[in-house]
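J.: The opening position of the sequence shown corresponds to residue 1 in the UniProt record's numbering, with each subsequent residue numbered one higher. Virtual Cβ for every residue (Gly too), placed ideally from N, Cα, C. I have a structure here, written as structure tokens, and I will follow up with some questions on it.
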Amino acid sequence: MIEHMEFELSKEYLEAFTQAVDAKEADFVTSTLNGVNPADISEVIRELDAEQTKFVIDLLDVEVGAEIIVNLEEDRQSLFLENFTADELATFVDQMDSDDGVDVINELPIEKREEVIASVENEEKAGYILDLLRYEEDVAGGLMAKEMIRANLNWTIQQCIEEIRKQAENVEKIYSVYVVDNEGKLLGRVSLKKIILSEPDALVADIYEEDIVSVGTHADEEEVALTMQKYDLEALPVVNVKGKLVGRITIDDAMDVITEQAEEDRQMMTGISGDVEEDDTVWVLSKARLPWLVIGLVGGLLGAKFISLFEKDIALIPAMAFFIPLITATGGNVGIQSSSIVVQGLASYNAFEDTLLKKMLKVFFVAVVNGIILALIVFGIVIFSTSDQAMAGTVAIALFSVVLLASFMGTVTPLALDKIGINPAMASGPFITTANDLLGLTVYFMVAHFLYGF
1 MIEHMEFELS
11 KEYLEAFTQA
21 VDAKEADFVT
31 STLNGVNPAD
41 ISEVIRELDA
51 EQTKFVIDLL
61 DVEVGAEIIV
71 NLEEDRQSLF
81 LENFTADELA
91 TFVDQMDSDD
101 GVDVINELPI
111 EKREEVIASV
121 ENEEKAGYIL
131 DLLRYEEDVA
141 GGLMAKEMIR
151 ANLNWTIQQC
161 IEEIRKQAEN
171 VEKIYSVYVV
181 DNEGKLLGRV
191 SLKKIILSEP
201 DALVADIYEE
211 DIVSVGTHAD
221 EEEVALTMQK
231 YDLEALPVVN
241 VKGKLVGRIT
251 IDDAMDVITE
261 QAEEDRQMMT
271 GISGDVEEDD
281 TVWVLSKARL
291 PWLVIGLVGG
301 LLGAKFISLF
311 EKDIALIPAM
321 AFFIPLITAT
331 GGNVGIQSSS
341 IVVQGLASYN
351 AFEDTLLKKM
361 LKVFFVAVVN
371 GIILALIVFG
381 IVIFSTSDQA
391 MAGTVAIALF
401 SVVLLASFMG
411 TVTPLALDKI
421 GINPAMASGP
431 FITTANDLLG
441 LTVYFMVAHF
451 LYGF
């Protein structure tokens, strides 16, 4: 077992390290990084440019360098890989699991991909990589690794242990042994504990568990992550259309999918289109934010134009203008709350198992309770501050109505988007806020017209 020293990345160390790299002080770099966990080294590497990164990795062991390359973000990884020859990259790929090797190779131009694969010394791994390249990145086949431990149904425990020793050389983590028949079809699994405790001449067929969860090669990555989360799996076997075992997906890959999906939803909900990072260029960050900002701007202009239609009403009762921010802000907040809960429910694939009518009734009653409480609070405040019953009634009724409408919009919109194949998280950002602003203003002035008799 490899032991890694504790490491703390400080501003002072980073400055000294960067100066040493610029000065090509190899001794300083190797001595300070000796025994440091590759994940910690990756944090240092993030602060360097591509040329500096190559200098550092060239000084490290190949295994450590391979792990650091895998840890790099995709955009940074593609820039970094340009500095290596095909032979150098093949050396690193030899040290990676097949799924990580494919991820790295996919960042290369097609011509260079072929050169790297041809230069991989491990022919079995090269074959694995060629097989995995056939799959899209966002399906089970694109997530799985070919390295795993499998045992034939008819083997004895002694044979099984001997094969495990042979196969384990290429498998970094062993969670369980998959049992297959003579045709390679997945039948079940057997734990290492059972293998160790069984008699050497016992058969695998006598101790394996048939109850096993698996996914097909073309299962969506979200389905994979949810399956592993639901059944609390550390590894998930992947089978082809004939039921033959072709690979496994480990928990770290599932966590990457969950993290990426959460980040995508978060960015969508906050009005950011596209996958962006904090260290992206100003133009990339601006381009990702502008679309929804423009939509918000258009919504604001529409709201301003809408208010101007009631200019005479506001001139007669100026106090009406004071409560416009209250109406729009409440509508926006309620809408975002409702849509966020719906998006969360859709992501879990079980929150909306009840009928749509039952769910909508629940949303309605929640909105009624919240609306009544908020309306009573604002009615009391307006009466206390203005002594104008008509104004208090207008604001209270409008606020109650806005809560109901905003809750309805926040619930229906993500459901509708999900039905037509659009990310429902899109409904939780500026879209809902802008729509509810306009709805809120409409309700507010309609109630005012009714109560004041304009």
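Rounded to whole angstroms, what is the Cα-Cα separation between V21 and L108?
T.: Start at 1 with the first residue of the sequence shown, and residue 21 comes out as number 21. Start at 1 with the first residue of the sequence shown, and residue 108 comes out as number 108. Taking the straight line from one Cα to the other gives about 26 Å.
J.: Spatial neighbours of I68 within its chain, please: CB distance less than 7 Å, with the 5 preceding and 5 following residues excluded, ordered by chain position.
T.: Counting from 1 along the sequence shown, the entry for residue 68 is found at position 68. Same-chain partners within the cutoff: P38, I41, S42, I45 and I57.
J.: Using only the alpha-carbon positions, how far apart do E12 and A50 sit?
T.: Within the sequence shown, the letter at position 12 stands for residue 12. Within the sequence shown, the letter at position 50 stands for residue 50. Straight-line Cα distance between these residues: approximately 21 Å.
J.: What's the gap between the Cα of L14 and the Cα of L59?
T.: By one-based count along the sequence shown, residue 14 stands at place 14. By one-based count along the sequence shown, residue 59 stands at place 59. Their Cα atoms are separated by approximately 17 Å.
J.: Looking only at its chain, what residues have a beta carbon closer than 7 Å to the beta carbon of V62, apart from the 5 residues adjacent to it on each side?
T.: In the sequence shown, residue 62 corresponds to position 62, counting from 1. So the list reads T91, F92 and Q95, once near-sequence residues are dropped.
J.: What number of angstroms, rounded off, separates the C-alpha of F323 from the C-alpha of L399?
T.: For the purposes of this step, residue 323 is identified with residue 323 of the sequence shown, where counting begins at 1. For the purposes of this step, residue 399 is identified with residue 399 of the sequence shown, where counting begins at 1. So the two alpha carbons sit approximately 10 Å from each other.
J.: Classify G247 as helix, strand or coil using the three-state DSSP reduction.
T.: Within the sequence shown, residue 247 is the residue found at index 247, counting from 1. The answer is strand: DSSP assigns G247 an E or B state.
J.: Measuring alpha carbon to alpha carbon, tell me which of F365, M360 and T442 ends up nearest T394.
T.: Sequence index remark: in the sequence shown, residue 394 carries index 394 (1-based). Residue T442 is the option with its Cα nearest to T394.
J.: Using beta carbons (cut-off 8 Å, strictly below), is T281 in contact with chain B?
T.: Of the protein chains in this structure there is only one, and it is not chain B.
J.: Leaving aside the five residues before and after E115 along the sequence, list all residues of the same chain whose C-beta is less than 7 Å from its C-beta, in chain order.
T.: Position 115 of the sequence shown holds residue 115. A86.
J.: Can V180 and I164 be called in contact, C-beta distance under 8 Å?
T.: As a working mapping, residue 180 is identified with position 180 in the sequence shown. As a working mapping, residue 164 is identified with position 164 in the sequence shown. It is not a contact, given that the beta carbons lie outside the stated cut-off.
J.: To the nearest whole angstrom, what separates the beta carbons of E136 and G142, a pair I think is in contact under 8 Å?
T.: Counted from its first residue, the sequence shown places residue 136 at position 136. Counted from its first residue, the sequence shown places residue 142 at position 142. Confirmed, about 5 Å.
J.: Taking the C-alpha atoms as reference points, what is the distance between A319 and G331?
T.: Locating residue 319 in the sequence shown gives position 319, counting from the first residue. Locating residue 331 in the sequence shown gives position 331, counting from the first residue. If I take the Cα positions, the gap works out to 20 Å.
J.: Report the CB separation of V257 from V215 in whole angstroms; it is logged as a contact under 8 Å.
T.: Position 257 of the sequence shown, counted from the start, is the residue given in the question as residue 257. Position 215 of the sequence shown, counted from the start, is the residue given in the question as residue 215. Contact flag wrong, Cβ pair sits at about 12 Å.
J.: Could you check what DSSP says for G299 in three-state terms: helix, strand or coil?
T.: As a working mapping, residue 299 is identified with position 299 in the sequence shown. G299: helix per DSSP, three-state reduction.
J.: Comparing C-alpha positions only, which one of L302, L197, E210 and K244 sits nearest to N436?
T.: On the sequence shown, residue 436 is found 436 positions in, with the first residue counted as 1. Out of L302, L197, E210 and K244, L302 has the C-alpha closest to the C-alpha of N436.
J.: Around the C-beta of D253, are 16 or more other C-beta atoms found within 10 angstroms, so that it is buried, or is it exposed?
T.: Start at 1 with the first residue of the sequence shown, and residue 253 comes out as number 253. Buried, since its Cβ has 16 or more Cβ neighbours within 10 Å.
J.: Output the residue ranges of the alpha helix (DSSP H) runs that lie fully inside the region 62 to 99 and measure 4 residues or longer, sorted by chain position.
T.: For the region 62 to 99, whole alpha helix (DSSP H) runs of length 4 or above, ordered along the chain, are 62 to 71, 74 to 81 and 86 to 93.
J.: Going by C-alpha distance, which of E162, H218 and N182 is nearest I196?
T.: Numbered from 1 along the sequence shown, position 196 holds the residue referred to as residue 196. Selected option, being the one with the closest Cα: E162.
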